[in-house]
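**Q** Just passing along the structure, written as structure tokens.
Number of protein chains: 2
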Amino acid sequence: MTRVLVVDDDPRLQRTLTIALRAHGNEVVTAADGRTAVQSVLEDAPDVVILDLGLPDLDGTEVLRRIRAASVVPVIVLSARHESDDKIEALDLGADDYVTKPFGVEELLARVRAAVRRGGDLGRHLGPVVTDHFVLDFAERRATVEGEDVRLTPTEWRVLEALCREPGHLVQQQDLLRAVWGPSYGRESNYLRVYANQLRRKLEPDPTNPRHLVTEPGLGYRFNP
Amino acid sequence: MTRVLVVDDDPRLQRTLTIALRAHGNEVVTAADGRTAVQSVLEDAPDVVILDLGLPDLDGTEVLRRIRAASVVPVIVLSARHESDDKIEALDLGADDYVTKPFGVEELLARVRAAVRRGGDLGRHLGPVVTDHFVLDFAERRATVEGEDVRLTPTEWRVLEALCREPGHLVQQQDLLRAVWGPSYGRESNYLRVYANQLRRKLEPDPTNPRHLVTEPGLGYRFNP
DNA sequence: ACGGCTCTTGACGCGTTCTTGACGGGCCCG
DNA sequence: CGGGCCCGTCAAGAACGCGTCAAGAGCCGT
Chain A
1 MTRVLVVDDD PRLQRTLTIA LRAHGNEVVT AADGRTAVQS VLEDAPDVVI
51 LDLGLPDLDG TEVLRRIRAA SVVPVIVLSA RHESDDKIEA LDLGADDYVT
101 KPFGVEELLA RVRAAVRRGG DLGRHLGPVV TDHFVLDFAE RRATVEGEDV
151 RLTPTEWRVL EALCREPGHL VQQQDLLRAV WGPSYGRESN YLRVYANQLR
201 RKLEPDPTNP RHLVTEPGLG YRFNP
Chain B
1001 MTRVLVVDDD PRLQRTLTIA LRAHGNEVVT AADGRTAVQS VLEDAPDVVI
1051 LDLGLPDLDG TEVLRRIRAA SVVPVIVLSA RHESDDKIEA LDLGADDYVT
1101 KPFGVEELLA RVRAAVRRGG DLGRHLGPVV TDHFVLDFAE RRATVEGEDV
1151 RLTPTEWRVL EALCREPGHL VQQQDLLRAV WGPSYGRESN YLRVYANQLR
1201 RKLEPDPTNP RHLVTEPGLG YRFNP
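In the order they appear, the protein sequences are chains A and B. Number 30 in the working numbering belongs to position 30 of the first sequence; there are no gaps in the numbering. Count along the second sequence starting at 1, add 1000, and that's the number in the working numbering.
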């Protein structure tokens, strides 16, 4: 059971979210202002926080800062504005996702699931991933290519793990960067290019014609089993 | 003009809603049972669905499930019951809003407007678009023509997405340009001609006789599922 | 302190995609 | 019949994103 903390001062929205989240088997706790929110993060230890930036007592980014000082819990930010300044600032401060009002309930639920998955992952290991060419055992940190053991560095493992959690699905650059390098690395960088390259050289039968670690230009990467 | 699909087996209520909606400048199509409703979602491509859960042929939630399987159109659910079970289940299945009978017509109209507004929100992903000839999965950025994967460029996806948000409807050149190239590109240019051409070559069975990506001379383009 | 490994960062070349201009054909109208 | 108008088509240069390489910094164990 996932515990979700909903921080919003609008009672109607709070109720809507609570109902929808409970309907999907989540436990919900609520807070209507920033100080209560930070306290709740400490006391209730939620698995994910939905945070509306427009709160009565504190500036939204200040709330986020205090939550981040207290915990690494995934935070999804809600905002009425379309301004990207806010978005950038929030992501910089460690928000995991950002939803602009008005939004569909389904969309928010999907993002909650994604955030929980990303956040809760840290401890849990993936089962072994097997392709026709290599085997990845995340629990043992063991990679075998055509029977030969291959050494992968810690960062290489983290990249692979993020990709293998969504086998066959597109993983966006932004998500990948954040999953591996932390919430503040949403921006462009060539980390991904370097590591995709590295991994292909170690894992792919023909590194210049990747079959398992495929890039989707402009978007991200995809792992094909 | 907003197209509303009203699904209700009570002829009186159906008439009341139709009159009220038409009076507010909406186009109305109706269905009296679940199967007709699902068919109408596919054929008429309404902008919003008002769905009464108490139908003769299918369980209300089953109708909702089938609609959701076919489309991401916003659905407003009507129910005579106060039981929150239904409400939870409906929201769970992807209903966008929920109204309990008896209700005021004004209230329903307000919710229709709100649902349409949200439905047009660009942040949401489109569900897969299926025609008899190709399949488009926007979330995964996957296009399949007659079983073969086809690569589309980022801009091609953006054009397609703008068109598929209004399936069966005319999208004006100006709107299309702005949706893809930003607010300052309202003027004439042959971007659209180039990309329509490109997309037809990749997707249409006979690119010179387009069946799905149709141009409306002097106005814009239309996507037919 | 030294050596090895890993991560980070910048630079560069290449292929792809975007943009832009030009040209031809169909259609409508005078 | 002739002239616009609008669309489809093509091609070439520019811009962009990716793969690739390598040098330097940081971190560890020895």
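Built from N, CA and C at the ideal position, the CB exists for glycine as well. Quick caveat, the model's predicted, so the values are computed rather than measured.
Apart from the five residues just before and just after residue 137 of chain A, which ones in its own chain have a Cβ nearer than 7 angstroms to its Cβ?
**A** For residue 137 of chain A, where only same-chain residues beyond five positions count, the Cβ hits under 7 angstroms are 128.
**Q** Just to make sure I have the definition right: I need the residues of chain A whose C-beta is within less than 9 angstroms of the C-beta of residue 1128 of chain B. Which are they?
**A** In chain order: nothing, as chain A lies at least about 14 angstroms away.
**Q** To the nearest angstrom, report how far apart residue 61 of chain A and residue 6 of chain A are at their CA atoms.
**A** Rounded to the nearest angstrom, the two C-alpha atoms are 16 angstroms apart.
**Q** Tell me the residue span of the beta strand (DSSP E) that contains residue 30 of chain A.
**A** Element bounds for residue 30 of chain A: 26-31.
**Q** Can you confirm whether residue 170 of chain A, when its beta carbon is compared against all beta carbons of chain B, has any partner nearer than 7 angstroms?
**A** Yes, contact with chain B.
**Q** For a contact defined as C-beta to C-beta under 7 angstroms, what are the partners of residue 218 of chain A on chain B?
**A** Neighbours of residue 218 of chain A on chain B, chain order: 1154.
**Q** If I measure Cβ to Cβ from residue 1057 of chain B and keep anything under 7 angstroms in the same chain, skipping five residues before and after, which residues do I get?
**A** Result list for residue 1057 of chain B: 1033, 1034, 1035, in chain order.
**Q** Are the C-beta atoms of residue 1141 of chain B and some chain A residue less than 7 angstroms apart?
**A** True, the Cβ-Cβ gap to chain A drops below 7 angstroms.
**Q** Helix, strand or coil for residue 17 of chain A, going by three-state DSSP, please let me know.
**A** Helix at residue 17 of chain A.
**Q** Would residue 1003 of chain B be called buried (16 or more neighbouring beta carbons within 10 Å of its own) or exposed?
**A** Under this definition residue 1003 of chain B is a buried residue.
**Q** What residues in its chain sit with their C-beta under 6 angstroms from that of residue 49 of chain A, if we drop five residues either side in the sequence?
**A** Same-chain partners within the cutoff: 5, 73, 75.
**Q** Among B/1209, B/1218, B/1205, B/1168, which one has its Cα closest to the Cα of residue 1189 of chain B?
**A** With distances taken between Cα atoms, residue 1189 of chain B lies closest to B/1218.
**Q** Cβ of residue 97 of chain A within 7 angstroms of Cβ of residue 113 of chain A?
**A** Contact: no.
**Q** With distances taken between CB atoms, is the gap from residue 1029 of chain B to residue 1010 of chain B smaller than 7 angstroms?
**A** Result no, Cβ atoms of residue 1029 of chain B and residue 1010 of chain B do not sit closer than 7 angstroms.
**Q** In chain order, what residues of the same chain have a beta carbon less than 7 angstroms from the beta carbon of residue 14 of chain A, not counting five sequence neighbours either side?
**A** Here the set comprises 6, 8, 30.
**Q** What's the gap between the Cα of residue 220 of chain A and the Cα of residue 158 of chain A?
**A** Whole-angstrom Cα-Cα distance: 16 angstroms.
**Q** What is the rounded straight-line gap between the Cα of residue 176 of chain A and the Cα of residue 199 of chain A?
**A** Whole-angstrom Cα-Cα distance: 15 angstroms.
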